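J.:
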């Protein structure tokens, strides 16, 4: 699939003015919390046809356990209590599971541990802004629900004069196990060395907040990150950061399920279609200022 370039302005109009208010945009669903996870249910009309497609483990437990990297504001991150996982992804998936009549339990973990956890059965699903790609679809079933591209972010005014087309020799920060770290930056660095120029120096961290901090402190000259958290970083750092250029390589986000759960995946896609039809999908994305990433072609294992 050729990824259409989506201008950053589609999302900036909402998020860039959101500022620190994002921290107050938590889910309105009922919740109980522990130090490592949050659980919630959302009132909705349960669809019995969807319930019939629940995996036996989830149905018997009455809840679905979700692995997430809660460092990726505004999609999934910890509320001010340091315990409750909130964000666009959280509220949307809570609404999806409400269609099944199932409680959600959100468990923060490292991004690079989520797919492994789904494969081992530790988590029933991974929801953490996963870009759909061929490598991930070899390991899991993925259900598309959103789209976003990669964005360059620098300090305000771009003091290091970073040029995205030629970042050779620069210190570029990325989050571990992301498309930016595993695909984008290595390719850019190879292009540099193939041209006889110095390689890009990656600064990699499992915590997106620390990736952002590397740019703020000047340790990194720039960072590569998905557009929603890029805009959030600009909005919540009091003008210390700025977007550089437009986002590129826009691609779907996907929920991560065990490889053999395509039927459950289709049921989730059907639930998303229902939420789109009744306005819930748009309402949630608008609340989190991420409506520019809305899609209508919810699909199981879409072609990357």
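Residue numbers (the working numbering): 127 to 430.
Every residue gets a Cβ at the ideal spot worked out from N, C-alpha and C, and that includes glycine.
Bear in mind that the values here come from a model prediction, so they are computed numbers and not experimental data.
Identify every residue that forms a DSSP beta bridge with residue 193.
T.: 233 and 252
J.: Judging by CA-CA distance, which residue of 217, 239, 334 and 237 is the nearest neighbour of residue 229?
T.: 217
J.: Which value, in whole angstroms, describes the spacing of the CA atoms of residue 299 and residue 321?
T.: 22 Å
J.: What's the C-alpha gap between residue 188 and residue 250?
T.: 12 Å
J.: Less than 7 Å between the C-beta atoms of residue 193 and residue 201, yes or no?
T.: no
J.: Taking residue 222 as the reference, which of 309, 403 and 418 has the closest Cα?
T.: 403
J.: Any idea what DSSP makes of residue 346, helix, strand or coil?
T.: In this structure, residue 346 counts as coil in the three-state DSSP scheme.
J.: Can you tell me the Cα-Cα spacing of residue 295 and residue 277, whole angstroms?
T.: 19 Å
J.: For residue 73, which residues from the same chain have a beta carbon less than 7 Å from its beta carbon, with the 5 sequence-adjacent residues on both sides left out?
T.: Absent from the structure is residue 73, since the part of the chain shown begins at 127 and ends at 430.
J.: Determine the DSSP secondary structure at residue 140, reduced to helix, strand or coil.
T.: Annotation note: pLDDT 43 at residue 140 (below 50); position unreliable, no value reported.
J.: Do the CB positions of residue 195 and residue 254 come within less than 7 Å of each other?
T.: Contact: yes.
J.: Could you tell me which uninterrupted beta strand (DSSP E) segments, each at least 3 residues in length, are contained entirely in the segment 308-381, listed from first to last along the chain?
T.: As far as the segment 308-381 is concerned, its whole beta strand (DSSP E) runs of at least 3 residues are 327-331 and 348-352.
J.: Is residue 240 closer than 7 Å to residue 265 when the C-beta atoms are compared?
T.: no
J.: For the pair the segment 277-289 and the segment 411-420, tell me if three or more CB-CB distances fall below 8 Å.
T.: no
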